[in-house]
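Shown next, in structure tokens, is the structure this report addresses.
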Amino acid sequence: VDWLVKKVIGLRVFDDENHVMNRSIMDVNGEILVVSQFTLFASYKKGNRPSWYRAAKHEISIPLYEEFCQKLSEALGKPVGTGEFGADMKVELLNDGPVTIMMDTHNKE
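Going by our numbering, the sequence shown opens with residue 2, and the numbers climb by one from there.
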């Protein structure tokens, strides 16, 4: 959790004055919305129906999610928005870019 918080806070994905991704969430005084999305962990190697057998069980994933949100809020210095873990939610956003970056804590690059 600590590694992931540090990475999210420090990742330079916002443009500077030269339109180069060189600014972090802290640099732009941005806000963060954390929404659990286990569907990103789908396995589709067998057949055409996705499986999530490798996803962590609720007993493990909920405390990790809550700890991540709490530590992220502390590091950011303000509350982070959160979704309801495991709920079917409708999330509306403006994806400016778009840029999507996967962070894998098992493969820390």
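For each residue, glycine too, the CB sits at the ideal point set by N, CA and C.
- The Cβ atoms of residue 66 and residue 86 lie closer than 8 Å to each other.
- The stretch 22-38 makes contact with the stretch 63-83: 3 or more CB pairs, one atom from each, lie closer than 8 Å.
- Closest option to residue 105, judged by alpha-carbon separation, among 76, 56 and 89: 56.
- DSSP, reduced to helix, strand and coil, places residue 6 within a helical segment of the structure shown.
- Inclusion of residue 4 and residue 91 in the CB contact set at 8 Å is not warranted, their separation being larger than that value.
- When rounded, the separation of the alpha-carbon atoms in residue 24 and residue 30 is 10 Å.
- Between residue 49 and residue 40, the alpha-carbon positions lie close to 14 Å from each other.
- In this structure, residue 52 sits near residue 44, with a CB-CB distance shorter than 8 Å.
- For the set 74, 12, 2 and 59, the Cα lying nearest the Cα of residue 88 is the one of 59.
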